[in-house]
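Working notes for the structure below.
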Amino acid sequence: MSRILSVTLTIVALSLSPATAMAGNGKSKAGHCPPGLAKKAVPCVPPGQVKNLYKKGDYITRDYRWINDPYRYGLNRGGSYIRAGDYVYRVDPETQKVLNLIGAVADILY
Numbered sequence: 018m019s020r021i022l023s024v025t026l027t028i029v030a031l032s033l034s035p036a037t038a039m040a041g042n043g044k045s046k047a048g049h050c051p052p053g054l055a056k057k058a059v060p061c062v063p064p065g066q067v068k069n070l071y072k073k074g075d076y077i078t079r080d081y082r083w084i085n086d087p088y089r090y091g092l093n094r095g096g097s098y099i100r101a102g103d104y105v106y107r108v109d110p111e112t113q114k115v116l117n118l119i120g121a122v123a124d125i126l127y
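Count along the sequence shown from 1, add 17, and you get the number used in my numbering.
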């Protein structure tokens with residue numbers, strides 16, 4: 018009886034160890050980002066793609082959509098926001114000058 022109990026406890030202990038050894042234990046800080054990209058200045062964007070983004074002071078003149086109800090997505094009601102590509106920007110409504118890069122569309126709009 019004692020031998021069966023010890024074998025059972027050993028099997029249970031060995032089967033539980035992989036679940037506790039998972040990276041981060043489900044407590045990732047950046048959601049879906051890989052660890053190497055999570056701590057970048059612009060999170061979740063590979064270094065080669067950062068230069069393709071609009072920067073503060075740039076003007077967005079093509080391939081964009083206005084976000085009509087920013088509050089619905091947790092953004093400031095009084096702000097003007099544009100979606101260009103896969104990113105959301107806060108812009109001056111008259112000149113469409115970029116005031117701030119808000120983040121990736123997947124993190125904000127969905």
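Ideal Cβ placement from N, Cα and C applies to all residues, glycine included. Please read these numbers as outputs of a predicted model, since none were measured by experiment.
Under 8 Å between C-beta atoms of residue i and residue j
{"i": "residue 108", "j": "residue 116", "result": "yes"}
{"i": "residue 104", "j": "residue 98", "result": "no"}
{"i": "residue 113", "j": "residue 76", "result": "yes"}
CB-CB length for residue i against residue j, believed under 8 Å
{"i": "residue 94", "j": "residue 122", "result": "The Cβ separation is near 19 Å, so there is no contact."}
{"i": "residue 87", "j": "residue 74", "result": "That belief does not hold up - the Cβ atoms of residue 87 and residue 74 are roughly 21 Å apart, past 8 Å."}
Residue i (DSSP reduced to helix, strand or coil)
{"i": "residue 21", "result": "helix"}
{"i": "residue 45", "result": "Low confidence applies to residue 45: its pLDDT is 47, below 50, so where it sits in the model is not reliable enough to give any reading."}
{"i": "residue 71", "result": "coil"}
{"i": "residue 77", "result": "coil"}
Limits of the alpha helix (DSSP H) - the one that residue i falls within
{"i": "residue 125", "result": "122-125"}
Terminal residues of the beta strand (DSSP E) in which residue i lies
{"i": "residue 99", "result": "98-101"}
{"i": "residue 107", "result": "104-108"}
{"i": "residue 81", "result": "81-83"}
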